Amino acid sequence: MSWLRVRAMIRKEILQISRDPRSLAFLIFLPAFMLVLYGFVLNFDVKHLSLGVLDQDRSPESRALIERFAVTEYFDLVAAMDSPDEVNRLIDREKIKVGLVIPAAFSEKIADGRNSPVQVIIDGTDASSASTAMGYVAAILADHSLKINAAALARRGLRLTSLPVVSRTRVWFNPELRSARFLLPGLMAFILMTVLVTSTSFAVVREKERGTMEQILVSPLKPAEMITAKVIPYVFISLVSAHLILLAGYVLFGVGIRGSYPLLLLFVTVFLLDGLGQGVLISTVTRTQQVAFIMAVLSTLLPTFILSGFVFPIREMPRLIQAITYLVPARYFLTGLRGVILKGSGFPILWPQLAFLAVFGFVVTAVSILRMKKEGAGESGKRGPR
Amino acid sequence: MKEILALVRKEFIQFSRDPRLVFIILAAPIIQLVLLGYAAVLDVRNLPMAVCDLDRTRESRAYVEAMVNSGYFRISSHVGEMDLIDRLIDDGTAAMAVIIPRGFGDDVLGYRQASVEVIVDGSESQTATIGINAASAVSTRFSGQILRRILSERGGPGFEPVMIDPEIRVWYNPALKSRNFFVPGVLALVLMMMTMLVTAMAVVREKETGTMEQLMVSPIRPYQLLAGKIVPSTAVGLADAVLVLASARWLLWVPLKGSVPLLFLMILAFILTTLGLGLFISTISQNQQQAMFTSVFFILPMILLGGFVFPIANMPRFFQWLTYGIPIRYFFTIVRGIFLKGVGWAELQDETAALLVIGVVVFGLSLLRFRKKLG
Chain Y
46 MSWLRVRAMI RKEILQISRD PRSLAFLIFL PAFMLVLYGF VLNFDVKHLS
96 LGVLDQDRSP ESRALIERFA VTEYFDLVAA MDSPDEVNRL IDREKIKVGL
146 VIPAAFSEKI ADGRNSPVQV IIDGTDASSA STAMGYVAAI LADHSLKINA
196 AALARRGLRL TSLPVVSRTR VWFNPELRSA RFLLPGLMAF ILMTVLVTST
246 SFAVVREKER GTMEQILVSP LKPAEMITAK VIPYVFISLV SAHLILLAGY
296 VLFGVGIRGS YPLLLLFVTV FLLDGLGQGV LISTVTRTQQ VAFIMAVLST
346 LLPTFILSGF VFPIREMPRL IQAITYLVPA RYFLTGLRGV ILKGSGFPIL
396 WPQLAFLAVF GFVVTAVSIL RMKKEGAGES GKRGPR
Chain A
47 MKEILALVRK EFIQFSRDPR LVFIILAAPI IQLVLLGYAA VLDVRNLPMA
97 VCDLDRTRES RAYVEAMVNS GYFRISSHVG EMDLIDRLID DGTAAMAVII
147 PRGFGDDVLG YRQASVEVIV DGSESQTATI GINAASAVST RFSGQILRRI
197 LSERGGPGFE PVMIDPEIRV WYNPALKSRN FFVPGVLALV LMMMTMLVTA
247 MAVVREKETG TMEQLMVSPI RPYQLLAGKI VPSTAVGLAD AVLVLASARW
297 LLWVPLKGSV PLLFLMILAF ILTTLGLGLF ISTISQNQQQ AMFTSVFFIL
347 PMILLGGFVF PIANMPRFFQ WLTYGIPIRY FFTIVRGIFL KGVGWAELQD
397 ETAALLVIGV VVFGLSLLRF RKKLG
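Line by line, the protein sequences are chains Y and A.
Going by the working numbering, the first sequence wraps up at 431, each residue one higher than the last.
Going by the working numbering, the second sequence wraps up at 421, each residue one higher than the last.
Listed below in structure tokens is the structure:
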């Protein structure tokens with residue numbers, strides 16, 4: 046590898062990048078901008094579920110129960126209904142997620158000291174919020190029952206103040222379960238991966254499509270040199286944009302780095318190389334920019350979002366899919382980032398992630414170089430007789 | 047009309063010269079849908095939990111058993127002392143830990159409030175939230191049983207405890223399988239990506255390869271040129287629509303309650319918007335790389351803000367309004383409605399109208415941009 050040739054090629058790349066300021070601005074600022082935007086907007090909390098009530102009892106007791114639902118932040122009382130059909134209709138139209146039906150004999154049964162069931166209808170479309178909603182309903186009803194019984198016991202001179210068993214929850218690493226803290230590593234992996242792969246996926250194929258590839262092939266530049274030169278400018282650009290993300294996370298969301306910065310830098314750099322390498326690989330196996338573009342977007346956007354463990358926990362996926370997630374570099378990066386940023390874990394715990402990232406980078410780069418060598422040989426072979 | 051047909055033929059010839067493109071267009075939606083559809087599960091069934099039972103009584107064991115029986119947790123390890131929990135959570139062996147303090151059983155039997163401590167790894171806040179809710183639901187249920195006992199024992203003769211129990215009925219997805227919710231979403235995403243990506247290159251490629259000038263000096267009018275670009279993309283969109291529907295039905299086995307023709311019509315309304323957006327991107331970009339960046343810029347909010355995993359109702363008001371401009375938002379409601387609820391035309395009118403309006407607007411904008419540029 047000749048450094049002189051690489052340097053000349055790097056200069057050409059930088060020139061080319063700087064001629065398209067829109068794309069450059071996209072590379073540097075968009076990731077941080079996205080993080081800020083989505084960090085503010087997104088969260089997983091299951092709160093303010095829309096609740097509709099059908100009160101067939103219309104008694105002080107039934108109103109007290111409704112009141113208990115309405116005062117929590119989990120439910121927003123949005124509709125008072127008159128008939129069971131209306132419950133039906135409102136759930137169908139997604140106006141309410143949960144319907145509470147208090148039957149006519151509700152207060153009578155309480156007065157008689159009998160169990161007094163209520164009906165709860167839940168829209169199960171979104172399974173995870175539905176099961177959370179079921180938990181809220183059960184907790185509110187248990188608490189309300191306790192209050193009623195406590196009042197009855199008090200009349201007999203006995204005291205009962207709280208539920209017999211409570212669980213005290215402590216959340217580590219992200220105490221308020223603030224979504225921004227959690228989202229930062231995920232979004233960083235997701236956004237960076239997309240930007241990285243898309244930025245180099247045109248690197249080689251554009252030269253092919255525009256016909257400048259032949260010029261490079263006949264020059265003394267070797268495939269490894271060319272790939273190095275194509276990647277290096279982007280490494281620096283993306284290092285800048287990765288730091289902008291970290292800065293934005295720190296300034297706006299107070300997400301500091303618990304672990305060591307050098308380790309983080311190492312993770313970021315290796316991941317950048319992976320992403321850029323995957324882009325180069327796509328670029329070498331395609332012939333037109335259009336195909337490269339589609340492959341770049343398809344291989345990054347949804348896979349990094351769904352298969353990295355960002356939102357969907359990998360341990361709950363079917364075995365075969367779990368095996369496939371090993372091919373997604375964002376998976377290791379994400380674990381590494383969560384480890385360093387949120388947990389403050391060190392090298393002894395995180396080295397396997399780093400090793401996987403390095404192997405991925407090595408393999409994609411090696412394959413790209415091989416592809417280019419073969420193509421170069423093929424091209425000159427084809428051209429030979431002419 | 048003749049001009050359009052000629053252009054369409056030219057596009058198809060271009061397609062067929064690129065077998066890789068044809069392969070990607072046909073195979074990618076199936077692969078993506080199956081892979082991602084199987085991966086997109088949010089059911090928490092195996093949350094690894096470390097148990098530290100310092101009490102070791104019948105009551106504490108009953109509590110741990112109630113945790114396991116809830117179906118959310120899997121005991122990953124039993125530890126004898128609390129200090130060991132640190133390491134288990136640090137290296138990810140356990141995502142949560144439950145500590146039952148000494149005296150738990152005595153408290154329960156002695157009618158004093160007993161407490162258990164639950165530690166959750168919050169770095170995975172999605173699972174953490176579900177875990178916390180599940181754990182507190184277990185405590186509630188456990189409390190309920192004990193409360194019943196306490197009340198009937200202590201209330202004295204004639205005292206009957208009152209319990210308001212919910213009779214819960216879950217509609218549409220009674221098994222509460224999250225896959226049934228996410229697969230229609232993945233279907234919408236895959237469809238959006240394919241149709242947008244194919245069109246995003248349509249016009250800009252002619253610009254970059256320099257064939258645009260030739261088209262401009264030809265007697266072809268702008269709308270004819272756009273039509274010539276849009277017909278092949280629509281064909282691709284339709285093919286992909288059929289493929290994703292068939293894969294969802296026969297490879298992922300998601301129950302489809304509603305009508306297939308209606309779903310197909312709705313898909314048409316949806317790809318009107320995505321094709322339009324793709325075309326719009328193509329007209330505002332100078333070269334293919336820019337078109338790609340711009341597409342990513344458009345697609346990201348569709349994935350994150352459209353309501354695929356992050357509920358729109360949780361977003362700040364301002365952003366909730368913004369989401370009204372995101373076509374996939376309506377389409378998520380539509381596909382989920384038709385797949386899971388079997389809703390019909392009557393329930394989906396508003397969403398369809400919104401899709402049509404957005405579709406017409408983006409097409410109009412692309413045409414305007416395109417005219418101006420030509421002029």
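Just so you know, even glycine gets a beta-carbon here, dropped at the ideal spot from N, CA and C.
In this text the structure is predicted, and so the values were computed from the model without any measurement.
Nearest-angstrom Cα separation, counted from residue j out to residue i
i: residue 49 of chain Y; j: residue 272 of chain Y; result: 14 Å
i: residue 170 of chain A; j: residue 351 of chain A; result: 20 Å
i: residue 62 of chain Y; j: residue 55 of chain Y; result: 10 Å
i: residue 275 of chain Y; j: residue 257 of chain Y; result: 14 Å
i: residue 320 of chain Y; j: residue 231 of chain Y; result: 15 Å
i: residue 244 of chain Y; j: residue 266 of chain Y; result: 22 Å
i: residue 118 of chain A; j: residue 183 of chain A; result: 11 Å
i: residue 111 of chain Y; j: residue 167 of chain A; result: 34 Å
i: residue 263 of chain A; j: residue 350 of chain Y; result: 45 Å
i: residue 427 of chain Y; j: residue 415 of chain Y; result: Legend: pLDDT at residue 427 of chain Y = 45, less than 50; position of this residue unreliable, value from coordinates given subsequently. Cα to Cα, residue 427 of chain Y sits roughly 18 Å from residue 415 of chain Y.
i: residue 242 of chain A; j: residue 254 of chain Y; result: 22 Å
i: residue 61 of chain A; j: residue 90 of chain Y; result: 46 Å
i: residue 140 of chain A; j: residue 277 of chain Y; result: 40 Å
i: residue 404 of chain A; j: residue 371 of chain A; result: 8 Å
i: residue 125 of chain A; j: residue 143 of chain A; result: 10 Å
i: residue 357 of chain Y; j: residue 85 of chain A; result: 7 Å
i: residue 317 of chain A; j: residue 408 of chain A; result: 12 Å
i: residue 151 of chain A; j: residue 196 of chain A; result: 14 Å
Closest residue to residue i among the options (Cα-Cα distance)
i: residue 135 of chain A; options: Y:93, Y:397, Y:384, Y:413; result: Y:384
i: residue 77 of chain Y; options: Y:285, Y:116, Y:380, Y:363; result: Y:285
i: residue 223 of chain A; options: A:331, A:276, A:87; result: A:87
i: residue 310 of chain A; options: A:77, A:339, A:390, A:396; result: A:390
i: residue 77 of chain A; options: Y:403, Y:129, Y:340; result: Y:340
i: residue 198 of chain Y; options: A:195, A:207, A:192; result: A:207
i: residue 101 of chain A; options: A:153, A:129, A:120, A:79; result: A:153
i: residue 47 of chain A; options: A:277, A:260, A:398, A:303; result: A:277
i: residue 93 of chain A; options: A:51, A:165, A:358, A:129; result: A:165
i: residue 388 of chain Y; options: Y:226, Y:365, Y:405; result: Y:226
i: residue 185 of chain Y; options: Y:119, Y:70, Y:129; result: Y:119
i: residue 97 of chain A; options: A:114, A:91, A:400, A:104; result: A:114
Contact list for residue i against chain A, beta-carbon separation under 7 Å
i: residue 66 of chain Y; result: Under the 7 Å cutoff, chain A gives no residues; its nearest Cβ is about 11 Å from residue 66 of chain Y.
i: residue 409 of chain Y; result: Result: empty, since nearest Cβ-Cβ is about 19 Å, beyond 7 Å.
i: residue 343 of chain Y; result: 74, 78, 239
i: residue 334 of chain Y; result: 334
Neighbour list for residue i in chain Y, Cβ cutoff strictly below 7 Å
i: residue 59 of chain A; result: Near residue 59 of chain A there are no residues of chain Y at all, since even the closest Cβ is about 14 Å away, more than 7 Å.
i: residue 359 of chain A; result: 93
i: residue 220 of chain A; result: 169
i: residue 196 of chain A; result: 209
Anticipated Cβ contact below 8 Å, residue i with residue j, distance rounded
i: residue 186 of chain A; j: residue 183 of chain Y; result: 5 Å
i: residue 390 of chain Y; j: residue 326 of chain Y; result: Not really, about 30 Å apart at Cβ, beyond 8 Å.
i: residue 230 of chain A; j: residue 385 of chain A; result: 4 Å
i: residue 188 of chain Y; j: residue 148 of chain Y; result: With 8 Å as the limit, residue 188 of chain Y and residue 148 of chain Y do not qualify as a contact, their Cβ atoms being about 20 Å apart.
i: residue 218 of chain A; j: residue 170 of chain Y; result: 5 Å
Within 8 Å, strictly: CB atoms of residue i and residue j
i: residue 146 of chain Y; j: residue 96 of chain Y; result: no
i: residue 369 of chain A; j: residue 249 of chain A; result: no
i: residue 95 of chain A; j: residue 116 of chain A; result: no
i: residue 145 of chain A; j: residue 162 of chain A; result: yes
i: residue 227 of chain A; j: residue 172 of chain Y; result: yes
i: residue 312 of chain Y; j: residue 228 of chain Y; result: no
i: residue 38 of chain Y; j: residue 328 of chain Y; result: Past the boundaries of the shown model lies residue 38 of chain Y; chain Y is included only from 46 to 431, so the question cannot be answered.
i: residue 160 of chain Y; j: residue 211 of chain A; result: yes
i: residue 214 of chain A; j: residue 179 of chain Y; result: yes
i: residue 358 of chain A; j: residue 382 of chain A; result: no
i: residue 68 of chain Y; j: residue 334 of chain A; result: no
Partners in chain A for residue i, counting only beta-carbon separations shorter than 8 Å
i: residue 114 of chain Y; result: None at all; the shortest Cβ gap to chain A is about 11 Å.
i: residue 239 of chain Y; result: 342, 346
Residue i CB to nearest heavy atom of the ligand MG below 7 Å
i: residue 153 of chain Y; result: The model depicted lacks the ligand MG and carries no ligand whatsoever.
Listed by chain order, chain Y residues near residue i by CB distance under 9 Å
i: residue 319 of chain A; result: Neighbours of residue 319 of chain A on chain Y: none; closest Cβ ~18 Å, over 9 Å.
i: residue 274 of chain A; result: Result: empty, since nearest Cβ-Cβ is about 17 Å, beyond 9 Å.
Proximal chain Y residues relative to residue i, where beta-carbon distance stays under 8 Å
i: residue 136 of chain A; result: 388, 390, 394
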